[in-house]
Amino acid sequence: MTRPPSDRANKRWIKPLPKQLINKIAAGEVVERPASVLKELVENSIDAGSERIEIIIEKSGAKLIKIVDDGCGIDEEQIEVAFARHATSKISSFDDIHNLLSYGFRGEALPSIASVSRLRMVSRPHDAQSGTEIIFEGGVIQHRKPIAAPVGTSIEVENLFYNTPARRKFLKAESTEARHIARVATALAIGRPDIGFTFTLNGRKVFSRPPGESLAERVAGVLGDRNKKFVVVAGHIGPVAVAGLVSTPQSVQQSRSGQFLFINNRYISSPTLSHAFNAGYGELLPRGQHPVGALLLSVDPTEVDVNVHPAKTEVRLSREREIHDAVCRIVKDALRHDGIIPSIRTAAPDRVPGEPPVRETRSGSSSGGERHTIPGIGRQPVNTHLLSELYRSVPAAGGPAKTDDIIEVDKRTGEIITVETAAPSASPTGPPTGFRFIGRFADMYLLLQTGDDLYVVDQHTAHERVLYEEILEKIERHVLEGQRLLFPVQVELTPEQMVVFEESNALLNSSGFQVGPFGGRMVNIEAVPVVLAKKSAEKVLLKVLDDIASLRKTGHDLKKAMAQAMACRSAVMAGDRLDDREAVHLVERLLRSDNAYSCPHGRPTFIKLSRADLDRQFGRG
Ligand SMILES: Nc1ncnc2c1ncn2[C@@H]1O[C@H](COP(=O)(O)OP(=O)(O)OP(=O)(O)O)[C@@H](O)[C@H]1O
Ligand SMILES: [Mg+2]
17 MTRPPSDRAN KRWIKPLPKQ LINKIAAGEV VERPASVLKE LVENSIDAGS ERIEIIIEKS
77 GAKLIKIVDD GCGIDEEQIE VAFARHATSK ISSFDDIHNL LSYGFRGEAL PSIASVSRLR
137 MVSRPHDAQS GTEIIFEGGV IQHRKPIAAP VGTSIEVENL FYNTPARRKF LKAESTEARH
197 IARVATALAI GRPDIGFTFT LNGRKVFSRP PGESLAERVA GVLGDRNKKF VVVAGHIGPV
257 AVAGLVSTPQ SVQQSRSGQF LFINNRYISS PTLSHAFNAG YGELLPRGQH PVGALLLSVD
317 PTEVDVNVHP AKTEVRLSRE REIHDAVCRI VKDALRHDGI IPSIRTAAPD RVPGEPPVRE
377 TRSGSSSGGE RHTIPGIGRQ PVNTHLLSEL YRSVPAAGGP AKTDDIIEVD KRTGEIITVE
437 TAAPSASPTG PPTGFRFIGR FADMYLLLQT GDDLYVVDQH TAHERVLYEE ILEKIERHVL
497 EGQRLLFPVQ VELTPEQMVV FEESNALLNS SGFQVGPFGG RMVNIEAVPV VLAKKSAEKV
557 LLKVLDDIAS LRKTGHDLKK AMAQAMACRS AVMAGDRLDD REAVHLVERL LRSDNAYSCP
617 HGRPTFIKLS RADLDRQFGR G
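If you read the sequence shown in the numbering used here, its first letter stands for residue 17, the second for the next number, and so on.
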């Protein structure tokens, strides 16, 4: 574009920006909202080696953000330097960034925050007789003087963005800012369970945690409530070690707001790793739900780049894919170890019919009875408390056990053990598998007894789970049988169904369907999978296509979506009456499945009522 001559004639002087303006521009990046101020200041307190940190927020940060720590403090002669741009005590060369052990390294936070607020800091190192008070207004120092103060640093940020009206206006509703603040405070507290945190938001004490907590105590302490149950996560695969505490699939919520991820103790946001968190639950997770909890990843610092964004919550990982898969695996293993994904099914093939179960008699056993471990689960490390809370007793699968088995946890070794009960199963209908079928309710629920526990099985979800795994396995092996129709049927698809059909055509045809294009949006069905043969071919195809479409939208793999759709369409429904033999057979198949605890949509397949629960309900102690 050519400029008018008058403009062109004007000389343009290149000059450095005034210091305060530079800081204000930087503040635009570092200090997006009150929650970012909180994060920067608390990270400074952590870097200062504090043992306790107190956070006080008023009017969701618009009025006051105050942090008090008992860390190393700042010397009087250094305090002004701390507010100079790019002044830091944390790194001295670029290489240090790659071996970063501190949260801060840019030397930008204090000058940026000071430039957009009224800031007062009081700091005293442990070897100083008194502290120093320093006050800034809009980045301009107001005064500095000695003052009596406890060891550590206290910093008050008032009237945030008072001199950047545009930014102040863009602050969201107080409740939105409060939510961001609460999330950041929670993340900071989880990231460092060794440090004590007190957090008061708008006059309400949100949490107060002592120093020296374990990770599990901290996570449960800040994220838990009476109804939430958690599972301990610990593992190391390839480039990553993971520690954490995650909720059971029953304690999930509709948003990801309860999920916290850390890399080398730094709270981060990463869509890839969030995905791995959820993926670890697989089908245990009801659609649209998210687990709650925290995962702390340890990765070689040279493989993490935190210098991507000034807020440092985004990271670049050099082996992201590998780390994703490892996190997913470790979460899955944790859920399995804690008995949520059952591994007792391995008991069945391990036991040769007719042979007694594997026995390991331990000397000094406290129960007095004979104990044996269940192959496949007995030797795995488990969290005894959680396990016993969750599924103290699980019906044993298959095999020739002639007694009712109760699974218990050996308090001494943490292993799962079974204790033999006295009475052999007397049920004429029950197979010798450790559970006794005692009846059905409302043509919907099957009732089983094992030891002192009553299990209520939902016949539809149980059947769905069984069929899903069988169908998926057959789809994978291309051996799902089809049944030819006496007369081919033509169906007209909607444009959306047509798209789904084209995408899944090959798979449909290797999964028992024989279906092909028939001009326009018509398709011709010649065969349907045997499992669906009882229903109308037209309805079956349309339903399967619709199911696949909606499952695909939620990111399901095509084969799994197909298996899920078929399982759902062919499972017995609530109201279908199963005879005793069918009921027992269904439960046996369920117990042998990979994941007996939920249907492919994540709904539970059974619930347990213990004798103790019932006794309590009836006031029996
Ligand atoms: N609470 C505190 N206790 C002790 N020293 C502090 C505290 N807060 C800040 N400092 C000192 O002030 C310096 C400047 O802090 P600032 O947050 O601006 O930069 P940084 O933490 O080094 O890097 P970044 O901008 O990435 O946060 C720090 O390097 C640290 O030496
Ligand atoms: Mg800092």
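In this text, a Cβ means the ideal position worked out from N, Cα and C, and glycines have one as well.
Being a predicted model, the structure only gives us computed values, none of them experimental.
Count the other CB atoms, across all protein chains shown, that sit within 10 Å of the CB of residue i; report buried if there are 16 or more and exposed otherwise.
i	result
ASP129	The residue asked about is misnamed: residue 129 is Ile in this sequence, not Asp. Buried: at least 16 other Cβ atoms inside 10 Å.
PHE634	exposed
PRO411	Reliability of the predicted coordinates at PRO411 is poor, the pLDDT of 33 falling under 50, and the value obtained from them is presented with this limitation in mind. With 16 or more other Cβ atoms within 10 Å, it is buried.
PHE457	exposed
MET582	buried
PHE503	exposed
ARG605	buried
ASP592	exposed
LEU602	buried
HIS159	exposed
PRO162	exposed
ASP474	buried
LEU625	exposed
ASN611	buried
ARG632	exposed
ARG28	exposed
VAL132	buried
HIS142	exposed
ARG225	buried
GLY11	What is shown of the chain runs 17 to 637, which leaves residue 11 out entirely.
PRO50	buried
GLU492	exposed
THR202	buried
ILE541	buried
Between the beta-carbon of residue i and the beta-carbon of residue j, is there less than 8 Å?
i	j	result
ARG345	ILE284	no
ILE564	SER520	yes
GLY123	ALA103	yes
ASP91	SER66	no
SER527	LEU483	no
LEU54	VAL200	yes
ILE339	THR216	no
LEU289	PRO265	no
GLN499	PHE534	no
ALA553	VAL544	yes
VAL347	PHE293	yes
LEU509	VAL539	yes
TYR297	LEU231	no
VAL343	LEU311	yes
GLN305	VAL268	yes
VAL556	LEU567	no
Give the C-beta separation of residue i and residue j to the nearest angstrom, bearing in mind that I take them to be a contact with Cβ-Cβ under 8 Å.
i	j	result
GLU229	GLY237	7 Å
LYS576	LEU488	6 Å
GLY261	VAL235	According to the sequence as given, residue 261 is Leu; it is not Gly. Going by Cβ atoms, the distance from LEU261 to VAL235 rounds to 4 Å, so yes, they are a contact pair.
SER76	ALA194	4 Å
VAL308	GLN275	7 Å
GLU299	SER614	6 Å
ASP596	PHE453	6 Å
LYS244	SER263	6 Å
HIS176	ILE41	It should be noted that the sequence gives Leu, not His, for residue 176. Actually they are not in contact, since the Cβ atoms of LEU176 and ILE41 sit about 17 Å apart, beyond 8 Å.
For residue i, which option in the options has the closest C-alpha, if you only look at C-alpha atoms?
i	options	result
ALA257	PHE451, PHE278, ASP595 and SER271	PHE278
CYS584	GLU518, GLU149 and ALA478	ALA478
TYR461	PHE622, LEU312 and GLU486	PHE622
ARG537	MET514, GLU92 and HIS340	MET514
LEU630	ASP468, ILE454 and ILE72	ASP468
PHE517	GLU480, GLY532 and VAL505	GLY532
ALA590	GLN506, ASP459 and HIS572	ASP459
ILE83	PRO620, LEU607 and ILE69	ILE69
SER118	PRO317, LYS245 and PHE246	PRO317
ARG481	LEU231, LEU509, ALA549 and HIS617	HIS617
GLU144	ILE151, PRO127, PHE152 and ALA165	Looking at the sequence provided, one finds Ala at residue 144 rather than Glu. Nearest C-alpha to ALA144: ALA165.
ARG627	PHE529, LEU470 and ALA599	LEU470
ALA522	ASP321, LYS551 and LEU574	LEU574
ALA78	THR180, ASN26, GLU512 and GLY89	THR180
ASN281	THR192, GLY304 and VAL320	VAL320
LYS550	ALA587, ASP562, GLN580 and HIS572	ALA587
Can you confirm whether the segment 133 to 146 touches the segment 82 to 98 when touching is taken to mean that 3 or more C-beta pairs between the two stretches lie within less than 8 Å? Contact between the segment 82 to 98 and the segment 133 to 146 is present, because at least three Cβ pairs lie under 8 Å.
Report yes or no: do the segment 161 to 178 and the segment 27 to 41 share at least 3 C-beta pairs separated by less than 8 Å? Taking 8 Å as the limit for Cβ pairs, the verdict is that the segment 27 to 41 does not touch the segment 161 to 178.
Count Cβ pairs between the segment 204 to 219 and the segment 54 to 73 that sit closer than 8 Å; are there 3 or more? The answer is yes - the segment 54 to 73 touches the segment 204 to 219, with three or more Cβ pairs under 8 Å.
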